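In what follows, a single structure is set out as structure tokens and then discussed.
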Amino acid sequence: MAAREISVREVLDMGLSYVQQGVIVQDEFVKFVTVGTGGQVELFAPYSDDQRIDVQATIKRRFVLPLAIQVKSSMELQRRYSLLKVTFEVSDEAFVSHDLYHYFFAHLNPGWLGAVDPVFFPPSKEVHRHADPKRKANGNRQIEFVASIQPSSHDQWSPYRCSQFELGERVREVIEQAQRRRLSAAEIPPPLFRVPGLLWGGLR
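Set out below in structure tokens:
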């Protein structure tokens with residue numbers, strides 16, 4: 002008997018929370034990058050609240066040149082399944098535009114409970130340009146990421162669009178470019194190290 006694809010509604014009815022959705026996609030990102038680079042890029046998710054560790058010191062000890070990654074996703078596509086739309090809020094602490102801070106956006110297909118092609122890996126500088134200038138009541142900024150998943154599309158996000166298998170090389174290229182420009186961990190704004198939920202990566 003052929004497997005039946007699970008619908009978004011069925012997944013929501015299961016009680017899958019946004020936190021659980023985030024964990025699934027974060028694990029997908031780690032898988033794509035680890036396999037795509039043959040393990041040359043190492044990824045680390047610090048849990049300072051649990052381990053009572055100094056996140057900044059730990060990351061700097063672990064990586065010569067750390068790259069911060071914020072993972073975002075959506076389980077639904079817009080406009081007849083051609084647009085990936087992710088709306089989220091960013092605190093002042095996380096509103097850091099830096100070459101060593103990137104976002105990962107993906108569509109979490111509810112039928113497979115996994116991220117599917119294409120995915121997006123834009124720099125924070127580009128993502129933060131699209132922040133709503135008006136703050137929310139809680140003081141946060143709202144960002145709406147809307148990108149076409151069509152291969153023929155040439156929107157502003159197409160330069161950052163890639164397949165799962167290409168993602169690892171994209172991540173490695175960002176780190177290697179930063180090394181060639183002689184960027185250092187000391188240049189990363191300290192508030193970024195205090196942002197919860199970030200993945201940190203670096204070359205082994």
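Just so you know, we're using my numbering here: the sequence shown kicks off at 2 and counts up by one. The C-beta atom is built at its ideal place from N, Cα and C for all residues, glycine as well. Being a predicted model, the structure only gives us computed values, none of them experimental.
Alpha carbon to alpha carbon, how far is residue i from residue j?
| i | j | result |
| --- | --- | --- |
| serine 98 | valine 91 | 12 Å |
| phenylalanine 64 | serine 153 | 37 Å |
| serine 125 | aspartate 100 | 7 Å |
| asparagine 141 | alanine 95 | 10 Å |
| leucine 114 | lysine 73 | 15 Å |
| lysine 86 | glycine 23 | 15 Å |
| alanine 132 | phenylalanine 89 | 10 Å |
| isoleucine 176 | phenylalanine 194 | 17 Å |
| isoleucine 70 | leucine 200 | 5 Å |
| arginine 62 | arginine 80 | 46 Å |
| serine 185 | alanine 179 | 8 Å |
| valine 1 | lysine 32 | Shown here, the chain extends from 2 to 205; a query on residue 1 therefore has no answer. |
| alanine 116 | glutamate 29 | 7 Å |
| valine 196 | threonine 59 | 14 Å |
| glycine 112 | leucine 17 | 13 Å |
| valine 120 | tyrosine 161 | 8 Å |
Identify the continuous alpha helix (DSSP H) that holds residue i and give its terminal residues.
| i | result |
| --- | --- |
| valine 24 | 19-37 |
| alanine 187 | Counting along the chain, alanine 187 falls outside any alpha helix (DSSP H), and DSSP gives it neither H nor E. |
| phenylalanine 166 | 165-181 |
| glutamine 57 | 56-63 |
Please confirm whether residue i and residue j have their CB atoms less than 8 Å apart.
| i | j | result |
| --- | --- | --- |
| valine 147 | leucine 84 | yes |
| leucine 109 | valine 172 | no |
| glycine 202 | valine 36 | no |
| leucine 204 | valine 20 | no |
| tyrosine 102 | proline 123 | no |
Quick check on the DSSP output: the beta strand (DSSP E) that includes residue i runs from which residue to which?
| i | result |
| --- | --- |
| glutamine 71 | 68-75 |
| arginine 142 | 142-149 |
| leucine 200 | 200-204 |
| phenylalanine 45 | 42-45 |
Kindly provide the ranges of any alpha helix (DSSP H) runs that are 4 or more residues long and lie completely inside the stretch 89-138, ordered along the chain. 125-129
With contact counted as at least three CB pairs below 8 Å, one residue from each stretch, are the stretch 162-172 and the stretch 53-62 in contact? no
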